[in-house]
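Undergrad: Please read through the structure below; I'll follow up with questions.
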Amino acid sequence: MKVYTKTGDTGTTALFGGTRVPKDHIRIESYGTVDELNSHIGLIRDQEMNAHYKDILIEIQDRLFTVGAILATPPEKEVLKNGELRLKNLGIVETDIELLENEIDVMEEALPPMTHFVLPGGHTTVSYCHIARCVCRRAERLAVHLDHNEPVAGNAIKYLNRLSDYLFVLARKLSHDLKADEVKWIPRK
Numbered sequence: 001m002k003v004y005t006k007t008g009d010t011g012t013t014a015l016f017g018g019t020r021v022p023k024d025h026i027r028i029e030s031y032g033t034v035d036e037l038n039s040h041i042g043l044i045r046d047q048e049m050n051a052h053y054k055d056i057l058i059e060i061q062d063r064l065f066t067v068g069a070i071l072a073t074p075p076e077k078e079v080l081k082n083g084e085l086r087l088k089n090l091g092i093v094e095t096d097i098e099l100l101e102n103e104i105d106v107m108e109e110a111l112p113p114m115t116h117f118v119l120p121g122g123h124t125t126v127s128y129c130h131i132a133r134c135v136c137r138r139a140e141r142l143a144v145h146l147d148h149n150e151p152v153a154g155n156a157i158k159y160l161n162r163l164s165d166y167l168f169v170l171a172r173k174l175s176h177d178l179k180a181d182e183v184k185w186i187p188r189k
């Protein structure tokens, strides 16, 4: 199988199920941004850090492939002609979201309470987390926009929301672990 198919040369691409849409379609923007997020998380995972965080990041990357598949499937193609679900055995379930929440809770227990906004930076790894958090928020906004036009599985959007929270807390925890400077934003008077 060749990497290039030439089928997208006219500015269209195929969704799951074969429907062709323009490459700037909101559905493409949505799952493309999830793919971008997945790449940023891979960059975070490549940094020196606790093996537990790397394991969680691998799990997150796996779940993001599922979110991408959900976003790449238009509602009219969710069910195959034989009546089976196209994404059978794929989905974001409540335990996926609970994993993120539990990880957030554990990290927050080891951190001082937040009293100010935090400026991104202080260490390269921390900065990568903040970039991924911003891309995650964009992916969430695009998925919500898509949901206004065509229904998106609710847990996919919920997962992206919780993941951005996780990435923020991970940035704070890594700042703490790496003894990086956490610069607080103080508004000018």
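When the sequence shown is numbered by full-length UniProt numbering, its final residue is 189 and no position is left out of the sequence of numbers.
All residues carry an ideal CB built from backbone N, CA and C; glycine is no exception.
Note that the structure is predicted; figures quoted are calculated from it, not measured.
#1: Residue ranges of each alpha helix (DSSP H) run of no fewer than 4 residues wholly in the stretch 24–69, ordered along the chain?
#2: Among I104, F65, E48, E36, which has the Cα closest to the Cα of L87?
#3: Please confirm if V152 has its CB atom under 8 Å from at least one CB of chain D.
#4: With the cut-off set at 8 Å, would you say L71 and A14 are in Cβ contact?
#5: In chain order, what are the residue ranges of uninterrupted alpha helix (DSSP H) at least 4 long that sit wholly in the stretch 128–184?
#6: Starting from T12, follow the beta strand (DSSP E) in both directions and report where the run begins and ends.
#7: Going by alpha carbons, who is nearest to L57 out of L170, A180, A153?
#8: Which same chain residues end up closer than 8 Å to R27 when comparing Cβ atoms and leaving out the 5 residues on each side of it in sequence?
#9: Taking C-alpha atoms, which residue in M1, G17, E36, Y31 lies nearest to A132?
#10: Quick check: is any heavy atom of the ligand PLP less than 7 Å from the C-beta of R86?
#11: Exposed or buried, what is E29 when buried is set at 16 or more other beta-carbons lying within 10 Å of its beta-carbon?
#12: Can you tell me which of the three DSSP states L85 falls into?
#13: What is the C-beta distance between V135 and S175, in whole angstroms, given that I count them as a contact (C-beta under 8 Å)?
#14: Going by C-alpha distance, which of L119, T95, G83, L80 is nearest E59?
TA: The answer reads as follows:
#1: DSSP runs (the alpha helix (DSSP H)) wholly in the stretch 24–69: 26–45.
#2: It is F65 whose Cα lies nearest to the Cα of L87.
#3: The chain inventory of the structure shown lacks chain D, comprising one protein chain alone.
#4: In this structure, A14 does not lie closer than 8 Å to L71 by Cβ.
#5: Correct list: 154–177.
#6: Note, T12: beta strand (DSSP E), 12–14.
#7: Looking at the Cα atoms, L170 is the closest of the given residues.
#8: Cβ within range, chain order: L15, V21, L71, A72, P74, L146, E150.
#9: Measuring C-alpha to C-alpha distances from A132 to each of M1, G17, E36, Y31 identifies E36 as the nearest.
#10: By its list of ligands, the structure shown contains no ligand whatsoever, and the ligand PLP lies outside what it can speak to.
#11: The residue is buried, with at least 16 neighbouring Cβ atoms inside 10 Å.
#12: DSSP places L85 in strand when its eight states are reduced to three.
#13: V135 to S175, Cβ: 19 Å. No contact.
#14: Among L119, T95, G83, L80, the Cα nearest to that of E59 belongs to T95.
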